[in-house]
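*Asks:* In the UniProt record's numbering, the protein residues as written are 1 to 426.
1) Of all the alpha helix (DSSP H) runs that stay within the bounds of the stretch 3-79, which reach a length of 4 or more residues?
2) For residue 32 versus residue 8, is the C-beta spacing smaller than 8 Å?
3) Alpha carbon to alpha carbon, what distance is there between residue 188 and residue 139?
4) Taking DSSP as the reference, what is the three-state secondary structure of residue 211?
5) With a cut-off of 8 Å, do at least 3 Cβ pairs link the stretch 373-387 to the stretch 192-202?
6) Per DSSP, residue 412 is paired with what?
7) State the beta-bridge partners of residue 221 as determined by DSSP.
8) Could you pull the DSSP bridge partners for residue 114 from this structure?
9) Looking at residue 316 and residue 388, is the spacing between their C-beta atoms short of 8 Å?
10) Are the stretch 400-414 and the stretch 61-81 touching by the rule of at least three beta carbon pairs closer than 8 Å?
11) Return the Cβ separation of residue 304 and residue 22 in integer angstroms, given the expectation that the two are a contact with Cβ distance under 8 Å.
12) Helix, strand or coil, according to DSSP, for residue 370 in the structure here?
13) Buried or exposed: where does residue 106 fall if 16 or more other Cβ atoms within 10 Å of its Cβ makes it buried?
14) Which of helix, strand or coil does DSSP assign to residue 279?
15) Could you check the C-alpha separation between residue 333 and residue 386 for me, to the nearest Å?
16) Below 8 Å on the Cβ atoms is my guess for residue 34 versus residue 251; work out the distance and round it to an integer in Å.
17) What first and last residue would you give for the beta strand (DSSP E) that runs through residue 142?
18) Considering only residues of the same chain and omitting the five flanking positions on each side of residue 134, which have a CB-CB separation below 7 Å?
19) Cα separation between residue 397 and residue 351?
20) Which residue's Cα is closest to the Cα of residue 376: 347, 262 and 267?
21) Applying the criterion that 16 or more other CB atoms from any shown protein chain within 10 Å of the CB defines a buried residue, is residue 98 buried or exposed?
22) Who are the near neighbours of residue 141 in its chain, counting only those whose CB is closer than 6 Å to its CB and skipping five residues on each side?
23) Can you say whether residue 325 is buried or exposed, counting buried as having 16 or more other CB atoms within 10 angstroms of its CB?
24) From residue 148 to residue 177, what distance separates their C-alpha atoms?
25) Quick check for students: name the residue ranges of the beta strand (DSSP E) that lie wholly in the stretch 177-211, counting only runs of 3 or more.
26) To the nearest angstrom, report how far apart residue 258 and residue 201 are at their CA atoms.
27) Is residue 84 buried or exposed, if buried means 16 or more other CB atoms sit within 10 Å of its CB?
28) Pop quiz: residue 145 and residue 180 are said to be a contact at Cβ under 8 Å. What is the actual Cβ separation, rounded to whole angstroms?
29) Which of helix, strand or coil does DSSP assign to residue 378?
30) Could you tell me which residues DSSP pairs with residue 362 in its beta bridges?
31) What's the call for residue 56, buried or exposed, on a 16-neighbour Cβ count within 10 Å?
32) Use the C-beta contact count for residue 60: other C-beta atoms within 10 angstroms, 16 or more gives buried, fewer gives exposed.
33) Quick check on this structure: which residue in 68, 2 and 6 has the alpha carbon closest to the alpha carbon of residue 267?
34) Excluding the five sequence neighbours on either side, which residues of its own chain have a C-beta within less than 7 Å of the C-beta of residue 183, listed in chain order?
35) Quick check on residue 70: buried or exposed, where buried means 16 or more other Cβ atoms within 10 Å of its Cβ?
36) Can you tell me which of 390, 391, 423 and 345 puts its alpha carbon nearest to the alpha carbon of residue 371?
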C-alpha cells in the first residue's frame, strides 16, 4: 500500500513510526511532516488544512489510504473530499467530526442518547449564559462551542469569573467564530482519563486508556497546555470501569451518530471523569490524542494498518489487537516560554544518544532540519520522549534517562510525568 499521513506533530510521528513498520506499507508519505517523520516517510510541504492540495497529492501519488491526524482538516471535510475522489481515508466525515467540532452538538447528542455527562446549556446570548451560570454551584465551566486549539475551556472559580469568561468569548470574540456560542457546564469532580476506541460506523474496538498532564508545571501547576506528557494504561481504568465506559458512553455514541445519519468512522477519543457515581463524559474528540497517541503506539504489538483499514471498511466486528503487557510513558520537551511565545531555531543535539537507549523512542513534534542537517526546534511542544517499562515507574525512569541525554538548553520539561500512577504503585 501507498499511505499518506496528514499532520506534523508527535501524534503523526507515532502513527508514521507504526505504519512504516507494517509489511503492508510499500511507500509512506506525510504532509507536511517534520524532521523526525522524515526518517520514516517522504515529507511533502502541504499544510494539513489545505484540503484541495492534499486531494491533489493523494491523487498524483496514487495513495491507497490517507490517515488524517489533526482535527481541523477532519472538521473541514478532508475525508469527504478524498472519498468523493475514490481515495480511501481513515477518519470521520465532516458531519461525524462535529462530535468534536461543536461542543453543543456533542452535549445534545449525550442528552438525546442518555450518555452520562455534566449538566449544561448552550447559549449565544451573554445574558442567558450568565443567568444559567448562576443556577450552577461553583466552580463551573465555560466552553467556546467550536475548535479553539485546545484553549476554549475555562474553569471558573466563581460567578464573577464566569461572567468575565462569557464576555470574553461572546462579546470580545476571544476565539473568533469558534466562540459564536458557549456551553455552560457544571464542574465534574473526580479523576480524569482518556479512553480511545476504533470505530467503523457500527462497531467499536477499545484501544484502552491513558492519562495526560495538561498543566505546564510540576505538581499540575501553571497554565494549561496541549499536554506535557502521558502514560498508558491509566491505573484507575479497571476492567469494570473500561466496561462501563464502553457500555454507557462509547457504544451509545456510536449508535446515536449512526441514527443521526452521521456514522462515525475513525478514532473516538473520550475525555472521561471517573466520579463516585461512575464515568462521566467530559468531551469527545474525533482523532487520536497527543501525547496519548505516542504511548498507545508504543504499547501496540499488532500491525496498525489492518486495523485502520478495517475501521474505514466497516469490518471491525471480529477484529482484535494485541498489546505489550507493559506501561508506556511519554515526556514532552517544549521550547522555553511555552505555552506562551517561543523563539524558533534553537539547535537540539545528542538525539542519537537518547534513541540508542533500550525501549526508548523519541518522537518529533515541532522540528525542522537546517542546511547543515542539524535539528532545530520550531514550535511549542518539540519532542515526545517515550519509553516502555514493566511499571509506570520503570518507564518513567527510562524516559527521563533519555531526556537527560538530550542537549537542548532552550527547552524544558516537567520532571513528574506519571506521578499519580507512581504513587499508586508505591
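Glycine is no exception: its CB is placed at the ideal position from the N, C-alpha and C atoms.
*Replies:* According to the structure shown:
1) Within the stretch 3-79, complete alpha helix (DSSP H) segments of at least 4 residues are found at 10-20, 51-60 and 71-75, given in chain order.
2) Here residue 32 is taken as the residue at index 32 of the chain shown, counted from 1. Here residue 8 is taken as the residue at index 8 of the chain shown, counted from 1. Against a cut-off of 8 Å, the Cβ pair of residue 8 and residue 32 comes out as a contact.
3) In the chain shown, counting from the first residue as 1, residue 139 sits at position 139. In the chain shown, counting from the first residue as 1, residue 188 sits at position 188. Distance between the alpha carbons of residue 139 and residue 188 is about 9 Å.
4) Mapped onto the chain shown, residue 211 falls at position 211. Of the three classes helix, strand and coil, the one that applies to residue 211 here is strand, per DSSP.
5) Touching, no, given that fewer than three Cβ pairs across the two stretches are closer than 8 Å.
6) Locating residue 412 in the chain shown gives position 412, where the first residue counts as 1. Note: residue 412 sits in a beta bridge opposite 334.
7) Position 221 of the chain shown holds residue 221. According to DSSP, which records beta bridges pairwise, residue 221 is partnered with 217.
8) Here the question's residue 114 lines up with position 114 in the chain shown. Beta-bridge pairing links residue 114 to no other residue.
9) Within the chain shown, the letter at position 388 stands for residue 388. Within the chain shown, the letter at position 316 stands for residue 316. Cβ atoms of residue 388 and residue 316: not closer than 8 Å.
10) With a cut-off of 8 Å, the stretch 61-81 and the stretch 400-414 do not count as touching, because too few Cβ pairs lie within range.
11) Against the chain shown, residue 304 aligns to sequence position 304. Against the chain shown, residue 22 aligns to sequence position 22. Right, their Cβ atoms sit about 7 Å apart.
12) Position 370 of the chain shown, counting from 1, holds the residue named residue 370. Secondary structure of residue 370 (DSSP, three-state): coil.
13) By 1-based counting over the chain shown, the position of residue 106 is 106. Residue 106 is classed as buried because its beta carbon has at least 16 other beta carbons within 10 Å across all chains shown.
14) Here residue 279 corresponds to residue number 279 of the chain shown, with the count starting at 1. Of the three classes helix, strand and coil, the one that applies to residue 279 here is strand, per DSSP.
15) Reading the chain shown from its first residue, position 333 is the one you call residue 333. Reading the chain shown from its first residue, position 386 is the one you call residue 386. So the two alpha carbons sit approximately 11 Å from each other.
16) Numbered from 1 along the chain shown, position 34 holds the residue referred to as residue 34. Numbered from 1 along the chain shown, position 251 holds the residue referred to as residue 251. Not confirmed; about 36 Å, so no contact.
17) As a working mapping, residue 142 is identified with position 142 in the chain shown. Per DSSP, the unbroken beta strand (DSSP E) holding residue 142 starts and ends at 140-144.
18) Sequence index remark: in the chain shown, residue 134 carries index 134 (1-based). 159.
19) Looking up residue 397 in the chain shown gives position 397. Looking up residue 351 in the chain shown gives position 351. Answer to the nearest angstrom: the Cα atoms are 17 Å apart.
20) Translated into the one-based positions of the chain shown, residue 376 becomes position 376. Minimum Cα distance to residue 376 is reached at 347.
21) On the chain shown, position 98 is the one that residue 98 refers to. By the neighbour-count rule (16 or more Cβ atoms within 10 Å), residue 98 is buried.
22) Within the chain shown, residue 141 is the residue found at index 141, counting from 1. Closer than 6 Å at Cβ, skipping near neighbours: 155, 185 and 187.
23) If you number the chain shown from 1, residue 325 lands on position 325. Label assigned to residue 325: exposed.
24) As a first step, residue 148 must be located in the chain shown, where it is residue number 148. As a first step, residue 177 must be located in the chain shown, where it is residue number 177. Rounded to the nearest angstrom, the two C-alpha atoms are 9 Å apart.
25) With a minimum length of 3 residues, the continuous beta strand (DSSP E) runs that stay inside the stretch 177-211 are 182-186 and 191-200.
26) For this step, residue 258 is matched to residue 258 along the chain shown. For this step, residue 201 is matched to residue 201 along the chain shown. Their backbone Cα atoms lie some 7 Å apart in a straight line.
27) Numbered from its first residue, the chain shown carries residue 84 at position 84. Only exposed fits residue 84, as fewer than 16 other CB atoms lie within 10 angstroms of its CB.
28) Along the chain shown, one-based indexing puts residue 145 at 145. Along the chain shown, one-based indexing puts residue 180 at 180. For a cut-off of 8 Å, the C-beta gap from residue 145 to residue 180 is around 7 Å, short enough to register as a contact.
29) Residue numbering aside, residue 378 sits at position 378 when the chain shown is read from its first letter. For residue 378, the secondary structure class from DSSP, reduced to helix, strand or coil, is coil.
30) For the purposes of this step, residue 362 is taken as the residue at position 362 of the chain shown. Per the DSSP secondary-structure output, residue 362 pairs in a beta bridge with 385.
31) Counting from 1 along the chain shown, the entry for residue 56 is found at position 56. Residue 56 is exposed by the Cβ-count criterion.
32) Translated into positions along the chain shown, residue 60 becomes position 60. Exposed: under 16 other Cβ atoms inside 10 Å.
33) For this step, residue 267 is matched to residue 267 along the chain shown. Nearest of 68, 2 and 6 to residue 267, Cα basis: 68.
34) Start at 1 with the first residue of the chain shown, and residue 183 comes out as number 183. Only 103, 104, 107, 120, 122, 143 and 145 meet the Cβ criterion.
35) In the chain shown, counting from the first residue as 1, residue 70 sits at position 70. Burial call: buried.
36) Here the question's residue 371 lines up with position 371 in the chain shown. Measuring from the Cα of residue 371, the nearest candidate turns out to be 345.
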